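**Q** For reference, the structure I am asking about is given below.
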Amino acid sequence: ALLFSDAHVRVLELRQDKLAVQEALWVGMIGEKASILDGTVTGDNNKGRYDDMDNDNSDNSDNSDGSSDENENENENENENEGNSHSNRGRGRGRGKGRGRGNGIQIKGKGVGRSLARLEAKAAAVEVLREARKLASEAGERQREQLDLDQLDEEKYDELFSMVENDITQLRVILQTVEARERERVWLRGKTSGEIDDSRIVDLAIGERNVYKRRGQRDEARLMQRLPKRLSFVVDISGSMAYFNGDQRLDRLCATIVMIMESLTGLEHKYQYEVVGHSGETHYFPLVSYSSPPIDRAQRLAVVQQMVDHSSKCSSGDNTLAAGARAVKTVREAAADDYFVFLFSDANLEGYGVEPETLAQALTNDKAVNAYVIFIAEEKVAEKMKERMPAGRAHVVLDNDGMPLLFKEIFTKAMLSSQGATSML
Numbered sequence: 249a250l251l252f253s254d255a256h257v258r259v260l261e262l263r264q265d266k267l268a269v270q271e272a273l274w275v276g277m278i279g280e281k282a283s284i285l286d287g288t289v290t291g292d293n294n295k296g297r298y299d300d301m302d303n304d305n306s307d308n309s310d311n312s313d314g315s316s317d318e319n320e321n322e323n324e325n326e327n328e329n330e331g332n333s334h335s336n337r338g339r340g341r342g343r344g345k346g347r348g349r350g351n352g353i354q355i356k357g358k359g360v361g362r363s364l365a366r367l368e369a370k371a372a373a374v375e376v377l378r379e380a381r382k383l384a385s386e387a388g389e390r391q392r393e394q395l396d397l398d399q400l401d402e403e404k405y406d407e408l409f410s411m412v413e414n415d416i417t418q419l420r421v422i423l424q425t426v427e428a429r430e431r432e433r434v435w436l437r438g439k440t441s442g443e444i445d446d447s448r449i450v451d452l453a454i455g456e457r458n459v460y461k462r463r464g465q466r467d468e469a470r471l472m473q474r475l476p477k478r479l480s481f482v483v484d485i486s487g488s489m490a491y492f493n494g495d496q497r498l499d500r501l502c503a504t505i506v507m508i509m510e511s512l513t514g515l516e517h518k519y520q521y522e523v524v525g526h527s528g529e530t531h532y533f534p535l536v537s538y539s540s541p542p543i544d545r546a547q548r549l550a551v552v553q554q555m556v557d558h559s560s561k562c563s564s565g566d567n568t569l570a571a572g573a574r575a576v577k578t579v580r581e582a583a584a585d586d587y588f589v590f591l592f593s594d595a596n597l598e599g600y601g602v603e604p605e606t607l608a609q610a611l612t613n614d615k616a617v618n619a620y621v622i623f624i625a626e627e628k629v630a631e632k633m634k635e636r637m638p639a640g641r642a643h644v645v646l647d648n649d650g651m652p653l654l655f656k657e658i659f660t661k662a663m664l665s666s667q668g669a670t671s672m673l
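In our numbering, the protein residues as written are 249 to 673.
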């Protein structure tokens, strides 16, 4: 960024993939097959446009001259009858009428041309954007080849892993000890109250008190889980995550996803999970599906790469609300022991008209789903939004060390609430 003496700040773009997008947009506007990056701009098309305009003007001039000549001939005939004293007036009227008709036709032609140009520009907009994305992708690939970014990504993954290595161990212990929500209800015998146990009638006759039975949960059933829990992690990969990564918000989010994927490895019998992204371009950018979790380091690395690549290339905007609503709805598409949705956001919502109350309504639309929003940046804004949402539904976590404890708190609260609901039956 440069500060000029006129108090203006000008930001210079140096990233080649971003410049490729701007090049495609420029070509779409001026209609040239030129390369701005190479500095070769040709003006053939503009020259053709100017030539067409000159031809139109010359044609209109010819028409005007022709009209005026005819009028002059007519006026000369009139002047022969009326006299030479009226000849100048006759010529003046003839030229005026001819030029008036010529100018009217020319203005009408320009209006139609402009309308056609606007229609052609709208029709070409989709193609221009498609070409821009293609050029950006190709520029990114060239950069990867030049800088050998595959190795750098490996080193980056190692760095992310080291950031959360201790947290992975802690979270894995928490996930392994989470109890099943669905518990088997059986007849509990040997009780002092309830229904009389038919098999203990003789004992009742001789004065035994523990001859009753009642329905309840078997103690060892807490270790059994017939169905896996379904978890949906909806992560913010919008452009602001990469643009404002000076506070490492994107790095911390990537480290969090690494922690989640590493912790859930080997626990597929207890958990099914998905990881999807949301940005200004889409509310659903699939990264990990319920049926195909990453099984090795290379696949987990690919997930992180997709997050970073999309965030660095996507356009501005916000689809947090739509992403949360979709996750709450789709997480229940299969039977499960319990349902959880974790929506990650950098709290940059109010600028796009998303109110905390509206977001809370989307997350609490289905009572069977435990849905939460986790703000990972903009602490002051995030705290204000948290205050306006139902208690326990919004959390602010600016340090990865707090993630395992947050998950433990959420799972424990969900378990206690389910036990309370069961005891009322």
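Cβ atoms here follow ideal geometry from the backbone N, Cα and C, with glycine treated the same way.
Being a predicted model, the structure only gives us computed values, none of them experimental.
For K516, collect the residues of the same chain with a Cβ closer than 8 Å to its Cβ; drop the 5 residues on either side in sequence, then sort them by chain order.
**A** Mapped onto the sequence shown, residue 516 falls at position 268. At residue 516 the sequence reads Glu, which differs from the Lys that was named. Taken in chain order, the residues that qualify are P476 and P541.
**Q** Assign S447 to buried or exposed, taking buried as 16 or more other Cβ atoms, counted over all protein chains shown, within 10 Å of its Cβ.
**A** Stepping through the sequence shown from its first residue, residue 447 is reached at position 199. Exposed, because fewer than 16 other Cβ atoms sit within 10 Å of the Cβ of S447.
**Q** If we ignore side chains and look at the alpha-carbon of each, how far apart do L653 and L419 end up?
**A** By one-based count along the sequence shown, residue 653 stands at place 405. By one-based count along the sequence shown, residue 419 stands at place 171. Between L653 and L419, the C-alpha separation is close to 8 Å.
**Q** What would DSSP say about V450, mapped onto helix, strand or coil?
**A** Taking the first residue of the sequence shown as 1, we reach residue 450 at position 202. V450 falls in the helix class under three-state DSSP.
**Q** Check whether the Cβ atoms of L646 and R500 sit closer than 9 Å, and answer yes or no.
**A** To locate residue 646, count along the sequence shown from 1; it is residue 398. To locate residue 500, count along the sequence shown from 1; it is residue 252. In contact: L646 and R500 (Cβ atoms closer than 9 Å).
**Q** Measure how close the beta-carbons of G487 and S527 come, nearest whole angstrom, since I'm counting them as under 8 Å.
**A** In the sequence shown, the residue the question calls residue 487 occupies position 239. In the sequence shown, the residue the question calls residue 527 occupies position 279. With 8 Å as the limit, G487 and S527 qualify as a contact, their Cβ atoms being about 7 Å apart.
**Q** To the nearest angstrom, how far is it from the Cα of L591 to the Cα of I449?
**A** On the sequence shown, residue 591 is found 343 positions in, with the first residue counted as 1. On the sequence shown, residue 449 is found 201 positions in, with the first residue counted as 1. L591 and I449: Cα-Cα distance of roughly 57 Å.
**Q** Where does L475 sit, in a helix, a strand or coil, going by DSSP?
**A** For the purposes of this step, residue 475 is taken as residue 227 along the sequence shown, with counting starting at 1. It is coil, neither helix nor strand.
**Q** Check whether the Cβ atoms of E510 and V412 lie closer than 9 Å to each other.
**A** For the purposes of this step, residue 510 is taken as residue 262 along the sequence shown, with counting starting at 1. For the purposes of this step, residue 412 is taken as residue 164 along the sequence shown, with counting starting at 1. Contact annotation: E510 and V412 have beta-carbon atoms nearer than 9 Å.
**Q** Take every Cβ of the stretch 541–555, pair it with every Cβ of the stretch 563–579, and state whether three or more of those distances are shorter than 8 Å.
**A** Three or more Cβ pairs closer than 8 Å define a contact, and the stretch 541–555 falls short of that threshold against the stretch 563–579.
**Q** Going along the chain, which residues of its own chain have a beta-carbon closer than 6 Å to the beta-carbon of L452, five neighbours each way excluded?
**A** Counting from 1 along the sequence shown, the entry for residue 452 is found at position 204. Closer than 6 Å at Cβ, skipping near neighbours: V459.
**Q** Between I505 and M555, is the Cβ-Cβ spacing less than 9 Å?
**A** Working through the sequence shown from its first residue, we reach residue 505 at position 257. Working through the sequence shown from its first residue, we reach residue 555 at position 307. Yes, these two residues count as a Cβ contact at 9 Å.
**Q** May I ask which residues mark the beginning and end of the beta strand (DSSP E) holding G525?
**A** Translated into positions along the sequence shown, residue 525 becomes position 277. Per DSSP, G525 belongs to the beta strand (DSSP E) from Y519 to H526.
**Q** I'd like the span of the alpha helix (DSSP H) that includes S537, first residue to last.
**A** Walking along the sequence shown from the start, residue 537 turns up at place 289. Unbroken run through S537: none, as it is neither H nor E.
**Q** So which of V482, S480, C502 and F481 has the shortest CA-CA distance to A490?
**A** In the sequence shown, residue 490 corresponds to position 242, counting from 1. The option with the nearest alpha carbon to A490 is C502.
**Q** Taking the beta carbon of G455 as the centre, do at least 16 other beta carbons fall within 10 Å, making it buried, or is it exposed?
**A** Position 207 of the sequence shown holds residue 455. The residue in question, G455, is exposed, as its Cβ has fewer than 16 Cβ neighbours within 10 Å.
**Q** Among D484, M507 and K461, which has the Cα closest to the Cα of Y405?
**A** Position 157 of the sequence shown, counting from 1, holds the residue named residue 405. Out of D484, M507 and K461, M507 has the C-alpha closest to the C-alpha of Y405.
**Q** Between H558 and R258, what straight-line distance do the alpha-carbon atoms span, to the nearest angstrom?
**A** For the purposes of this step, residue 558 is taken as the residue at position 310 of the sequence shown. For the purposes of this step, residue 258 is taken as the residue at position 10 of the sequence shown. Going from the Cα of H558 to the Cα of R258 covers about 25 Å.
**Q** By the three-class DSSP mapping on this structure, what secondary structure does F481 have?
**A** In the sequence shown, counting from the first residue as 1, residue 481 sits at position 233. DSSP places F481 in strand when its eight states are reduced to three.
**Q** Hey, K518 and Q473: beta-carbon distance below 9 Å or not?
**A** Residue mapping note: residue 518 aligns to position 270 of the sequence shown, counting from 1. Residue mapping note: residue 473 aligns to position 225 of the sequence shown, counting from 1. Yes, these two residues count as a Cβ contact at 9 Å.
**Q** What did DSSP end up calling N613 once you bin it into helix, strand or coil?
**A** For the purposes of this step, residue 613 is taken as residue 365 along the sequence shown, with counting starting at 1. It is coil, neither helix nor strand.
**Q** Is the beta carbon of V644 sitting closer than 9 Å to the one on A619?
**A** On the sequence shown, residue 644 is found 396 positions in, with the first residue counted as 1. On the sequence shown, residue 619 is found 371 positions in, with the first residue counted as 1. Not closer than 9 Å, so no.
**Q** To the nearest angstrom, how far is it from the Cα of I485 to the Cα of T425?
**A** Along the sequence shown, read from residue 1 onward, the residue named residue 485 stands at position 237. Along the sequence shown, read from residue 1 onward, the residue named residue 425 stands at position 177. Their Cα atoms are separated by approximately 31 Å.
**Q** Have a look at D566 and T513 and give me their C-alpha separation to the nearest angstrom.
**A** As a working note, residue 566 is residue 318 in the sequence shown. As a working note, residue 513 is residue 265 in the sequence shown. The alpha-carbon atoms of D566 and T513 are separated by roughly 31 Å.
**Q** Within the continuous beta strand (DSSP E) that includes S754, where are the two ends?
**A** Because the chain here runs from 249 to 673, residue 754 falls outside it and cannot be looked at.
**Q** Does any residue of chain E bring its CB to less than 9 Å from the CB of T660?
**A** The displayed structure is made up of one protein chain only, and chain E is not part of it.
**Q** Run through DSSP, which three-state label would V412 get?
**A** In the sequence shown, the residue the question calls residue 412 occupies position 164. In this structure, V412 counts as helix in the three-state DSSP scheme.
**Q** Which of the three DSSP states is assigned to F655 in this structure?
**A** By one-based count along the sequence shown, residue 655 stands at place 407. In the structure shown, F655 sits in a helix (DSSP, three-state: H, G or I).
**Q** Excluding the 5 residues preceding and the 5 following R337 in the sequence, name in chain order all residues of the same chain whose CB lies nearer than 8 Å to its CB.
**A** Mapped onto the sequence shown, residue 337 falls at position 89. Here the model assigns R337 a pLDDT of 48, short of 50, so the residue's position is not dependable and the matter cannot be decided.
**Q** Taking C-alpha atoms, which residue in W435, L436 and K461 lies nearest to E443?
**A** What you label residue 443 is simply residue 195 of the sequence shown in a count that begins at 1. Distances from the alpha-carbon of E443 to those of W435, L436 and K461 put K461 closest.
**Q** How is the alpha helix (DSSP H) around V576 delimited, first residue to last?
**A** Residue 576 sits at position 328 when you count from the first residue of the sequence shown. T568 to T578 is the extent of the alpha helix (DSSP H) around V576.
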